[in-house]
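Report on the structure given below.
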Amino acid sequence: MTIQTYNTLSGKKEALQTLEPGHVKLYVCGITAYDYCHIGHARSALAFDMIVRYLRYRGYKVTFVRNFTDIDDKIIARAKEQSTTSEELATRFINEFYTDMDALGVDRPDIEPKATEHIKEMTDLISELIAKGMAYQSGNDVYYIVDSFPEYGKLSKRNIEDMKAGARISVNEQKHHPMDFVLWKGSKPGEPTWDSPWGPGRPGWHIECSAMSRKYLGETFDIHGGGQDLIFPHHENEIAQSEGANDKPFVKSWIHHGFVTIRDEKMSKSLGNFLTIRDILAHYHPEILRFFIFSTHYRNPLDFSETAMRDATAGLERLYECVATVDALDAGNGDRQAASILSAKDIKKVAELEKRFQEAMDNDFNTAQAQGVFFDTVKTINRLQGKITPKSAVTDIEFLKNGLATLKKLAAIMGLLREDAQQFLAARKEQLVAASAIDPAAVEALIAERYQCRLDKKWARSDEIRDKLLAQNIELHDGPDGTTWSVNDS
RNA sequence: GGCGGCGUAGCCAAGUGGCCAAGGCAGUGGUCUGCAAAACCAUUAUUCAUCGGUUCGACUCCGAUCGCCGCCUCCA
């Protein structure tokens, strides 16, 4: 079996074939560091985190590069608003980004280049383009000649004439052609500047990725990724720059993930539906966000809502409940002589977990399908677990524990089931208690009173206490070891 | 206007022409319980927006129609 990935350039799923056997070179466009990251950034980071982990799990060596844009118009404008420097602002939000990524449990890429640390690589690349007649200086700026690259538009499937007809292109007196894009911007007074052959200025946005990917991954590499909104103009322009300068194919396969919407509206600050990662993590465990994001294929749109998060919470808790029950089994107490109660069908279902997971993930990283495989397996494990007693066959207990171990290993590729099950379920409760006006001590007191009532068979008072607590969204669970309680958030 | 994508049960969501159209949430029935709740088990689409076409056979391929979304300006 080979891994199939959807390539935006060809518009088809293709078998992964690396330039260097067994080694995937991956470049992903990272953030522009001028604000806190939102849930869309989280989807991007989590999608590629999953992809890298899966490729490594499948035996590939992966060199993963993700850049930081730490100089651009938005950074300059925001720094001015806050009366600080671009450098300070960018550094601050890169640190905030790391805080969010750490909270989400996202692994660091191998290389995280910053634009401002690669000015020389960028000016070299621009000089090459000028020397080849593919760029020109105009005033203090340098522009790319879109007409010099015949394949311009091949990624976004559009042509230059259609785009001019779109008539949304900003008028700029400096450009010879309206579609030409800036490689180098002459600086205005008070802006950060670097020296260049064209005078003091700063790089355009697209050139950094061409320059830094070439430095760290070479002129041609395997996979380039980012959000679908980057297809045009950013990635189209990267192709024009890199292939124009190198005369070699830039990237073999492009991976673009879909957007996150909020209650079916695109996130935007003007609509007031802009949710940052930390907003969400204040209410939900990071694994719930991961579970939610991976419940849809990465290329499809994903709609964030309270309902969707509640569904995700219920689903993830179902997985953790299974883990918790199997964790509680102890093979050491089993009977070495007892016959197995496992049917061939049950054994097959659990044994095929890993194979079915790989089939799903090999199919363009279909995490939604893979989650389905998890649940299907959990259903079998739960059913068997219900039949297991402390005196069951040791081999049966070990079989379930092994199945669970495999499940945890595979779920970890999506960053799921990494917590201790009991702790996860308990943490959920604590979070809900903290978010409510519930006094745990008062609840415990009522439970104690109810316990005595039940011993005395005073069912009326016992049920009254239960109903009273339920009115506060507190659910009681009577078990053999006493009564526990949880908060119902729906 | 140009380009791209989507429309599968109450909701979410897989499905790379052919065994009963995965899975989750909610619902329903059960096990458990003093009664419940929680948990677990079982169950829930003669049908895949509509209409045609290709094929022995289509949710899957092609065309048209309707509806929704994204990009074309910074954007994950």
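Residue 19 in this note's numbering sits at position 35 of the first sequence, and the numbers go up by one each step.
Cβ atoms here follow ideal geometry from the backbone N, Cα and C, with glycine treated the same way.
Practice task
Compute the distance between the beta-carbons of residue 399 and residue 34, then report whether it is under 9 Å.
Solution key: As a first step, residue 399 must be located in the first sequence, where it is residue number 415. As a first step, residue 34 must be located in the first sequence, where it is residue number 50. Yes; because the gap between Cβ atoms is below 9 Å, this pair is in contact.
Handout entry: Alpha carbon of residue 269 to alpha carbon of residue 37, nearest angstrom
Key = To locate residue 269, count along the first sequence from 1; it is residue 285. To locate residue 37, count along the first sequence from 1; it is residue 53. Going by the C-alpha atoms only, they are around 21 Å apart.
Exercise for the section: Give a yes or no on whether the C-beta atoms belonging to residue 242 and residue 201 are separated by under 9 Å. Expected result: As a working mapping, residue 242 is identified with position 258 in the first sequence. As a working mapping, residue 201 is identified with position 217 in the first sequence. Taking 9 Å as the Cβ cut-off, residue 242 and residue 201 do not qualify as a contacting pair.
Exercise for the section: Taking residue 47 as part of the beta strand (DSSP E), name the residues at either end of that continuous run. Expected result: On the first sequence, position 63 is the one that residue 47 refers to. Counting along the chain, the unbroken beta strand (DSSP E) around residue 47 starts and ends at 45 to 50.
Practice task
Taking only the alpha-carbon atoms, compute the straight-line gap between residue 266 and residue 420 and give it to the nearest angstrom.
Solution key: Position 282 of the first sequence, counted from the first residue, corresponds to residue 266. Position 436 of the first sequence, counted from the first residue, corresponds to residue 420. If I take the Cα positions, the gap works out to 14 Å.
Problem - Residue from 432, 87, 176 and 132 with nearest C-alpha to residue 99 - result: Residue 99 sits at position 115 when you count from the first residue of the first sequence. Among 432, 87, 176 and 132, the Cα nearest to that of residue 99 is on 176.
Problem - Residue from 63, 15 and 261 whose Cα sits closest to the Cα of residue 97 - result: Translated into the one-based positions of the first sequence, residue 97 becomes position 113. Selected option, being the one with the closest Cα: 15.
Exercise for the section: Kindly indicate which residue of 358, 312 and 207 has the alpha-carbon position closest to the one of residue -9. Expected result: Reading the first sequence from its first residue, position 7 is the one you call residue -9. With distances taken between Cα atoms, residue -9 lies closest to 207.
Problem - Separation of residue 381 from residue 314, as counted between CA atoms - result: Residue numbering aside, residue 314 sits at position 330 when the first sequence is read from its first letter. Residue numbering aside, residue 381 sits at position 397 when the first sequence is read from its first letter. If I take the Cα positions, the gap works out to 7 Å.
Exercise for the section: Please list, in chain order, all residues of the same chain as residue 191 whose beta carbon is under 7 Å from its beta carbon, the five residues on each side excluded. Expected result: For the purposes of this step, residue 191 is taken as residue 207 along the first sequence, with counting starting at 1. So the qualifying residues of the chain are 106, 109, 110, 167 and 225.
Handout entry: residue 32 in three-state terms, based on DSSP
Key = Position 48 of the first sequence, counted from the start, is the residue given in the question as residue 32. The answer is helix: DSSP assigns residue 32 an H, G or I state.
Practice task
Using a threshold of 9 Å, state whether the C-beta atoms of residue 209 and residue 160 are closer than that.
Solution key: Here residue 209 is taken as the residue at index 225 of the first sequence, counted from 1. Here residue 160 is taken as the residue at index 176 of the first sequence, counted from 1. With respect to residue 160, residue 209 sits apart: the two C-beta atoms are not nearer than 9 Å.
Practice task
Give the DSSP-derived three-state secondary structure of residue 189 in the structure shown.
Solution key: Locating residue 189 in the first sequence gives position 205, where the first residue counts as 1. Residue state, collapsed to three classes: coil.
Exercise for the section: Grab the span of the alpha helix (DSSP H) containing residue 214 for me, first residue to last. Expected result: For the purposes of this step, residue 214 is taken as residue 230 along the first sequence, with counting starting at 1. Run containing residue 214: none; DSSP gives neither H nor E here.
Handout entry: Pick from 236, 261 and 65 that is closest to residue 27, judged by C-alpha positions
Key = The residue you call residue 27 lines up with position 43 of the first sequence. Distance from the Cα of residue 27 is smallest, within the candidate group 236, 261 and 65, for 261.
Exercise for the section: Evaluate the contact criterion for the region 316 to 324 versus the region 384 to 397: three or more CB pairs, one atom per stretch, below 8 Å. Expected result: Taking 8 Å as the limit for Cβ pairs, the verdict is that the region 384 to 397 does not touch the region 316 to 324.
Practice task
Determine contact between the region 84 to 96 and the region 174 to 189, defined as no fewer than three beta-carbon pairs at a distance below 8 Å.
Solution key: The region 84 to 96 makes no contact with the region 174 to 189; the number of CB pairs closer than 8 Å stays below 3.
Problem - Which of helix, strand or coil DSSP assigns to residue 305 - result: What you label residue 305 is simply residue 321 of the first sequence in a count that begins at 1. Here residue 305 sits in helix by DSSP.
Problem - Cut-off 8 Å between Cβ atoms - residues of its own chain near residue 471, not counting five sequence neighbours on either side - result: Here residue 471 is taken as the residue at index 487 of the first sequence, counted from 1. By the criterion of a C-beta distance shorter than 8 Å, residue 471 is surrounded in its chain by 413, 416, 417, 420, 422, 457, 458 and 459, once the five residues flanking it on both sides are discounted.
Exercise for the section: Taking only runs that begin and end inside the region 56 to 135, name each unbroken alpha helix (DSSP H) of 4 or more residues, in chain order. Expected result: Within the region 56 to 135, the complete alpha helix (DSSP H) runs of at least 4 residues are 57 to 65, 70 to 88 and 103 to 115.
Exercise for the section: With DSSP collapsed to three states, give me the class of residue 324. Expected result: By 1-based counting over the first sequence, the position of residue 324 is 340. For residue 324, the secondary structure class from DSSP, reduced to helix, strand or coil, is coil.
Problem - Extent of the continuous beta strand (DSSP E) run through residue 459 - result: As a first step, residue 459 is located in the first sequence; it is residue number 475 there, counting from the start. Counted as a single uninterrupted DSSP element, the beta strand (DSSP E) harbouring residue 459 occupies residues 458 to 463.
Problem - Boundaries of the beta strand (DSSP E) in which residue -12 is found, first to last residue - result: The count along the first sequence starts at 1 and reaches residue -12 at position 4. Taken as a continuous stretch (DSSP letters only), the beta strand (DSSP E) holding residue -12 covers -12 to -9.
Exercise for the section: Could you check if residue 147 is buried or exposed, using at least 16 other CB atoms within 10 Å of its CB as the buried criterion? Expected result: Translated into positions along the first sequence, residue 147 becomes position 163. Counting C-beta atoms within 10 angstroms of its own C-beta, residue 147 has 16 or more neighbours from the protein chains shown and is therefore classed as buried.
Exercise for the section: Would you decide whether residue -14 is buried or exposed? Buried here means 16 or more other CB atoms lie within 10 Å of its CB. Expected result: Residue numbering aside, residue -14 sits at position 2 when the first sequence is read from its first letter. Exposed.
Exercise for the section: Tell me, please, which residues DSSP counts as bridged to residue 38. Expected result: For the purposes of this step, residue 38 is taken as the residue at position 54 of the first sequence. None, per the DSSP bridge assignment.
Practice task
Would you decide whether residue -6 is buried or exposed? Buried here means 16 or more other CB atoms lie within 10 Å of its CB.
Solution key: Translated into the one-based positions of the first sequence, residue -6 becomes position 10. It is exposed - the Cβ of residue -6 has fewer than 16 other Cβ atoms within 10 Å.
Practice task
Could you tell me the boundaries of the alpha helix (DSSP H) in which residue 18 lies?
Solution key: Locating residue 18 in the first sequence gives position 34, counting from the first residue. Counted as a single uninterrupted DSSP element, the stretch harbouring residue 18 is not any alpha helix (DSSP H), since DSSP gives it neither H nor E.
Problem - With 16 other Cβ atoms within 10 Å as the buried cut-off, status of residue 1 - result: Residue numbering aside, residue 1 sits at position 17 when the first sequence is read from its first letter. Under a 10 Å Cβ-count criterion, residue 1 is classified as exposed, with fewer than 16 other Cβ atoms of the shown protein chains found around its own Cβ.
Exercise for the section: Could you tell me the distance, in whole angstroms, from the CA atom of residue -1 to the CA atom of residue 83? Expected result: In the first sequence, the residue the question calls residue -1 occupies position 15. In the first sequence, the residue the question calls residue 83 occupies position 99. Taken atom to atom, the span from the alpha-carbon of residue -1 to that of residue 83 is near 36 Å.
Problem - Three-way DSSP call (helix, strand, coil) for residue 373 in this model - result: On the first sequence, residue 373 is found 389 positions in, with the first residue counted as 1. DSSP places residue 373 in the coil class of the three-state scheme, outside both helix and strand.
Practice task
Quick one: grab the DSSP three-state call for residue 475.
Solution key: Any question about residue 475 goes unanswered here, given that the chain covers just -15 to 474.
Problem - Segments assigned alpha helix (DSSP H), at least 4 residues, entirely inside the region 360 to 416 - result: List check, alpha helix (DSSP H) in window: 378 to 395.
Practice task
Give the DSSP-derived three-state secondary structure of residue 421 in the structure shown.
Solution key: Start at 1 with the first residue of the first sequence, and residue 421 comes out as number 437. Residue state, collapsed to three classes: coil.
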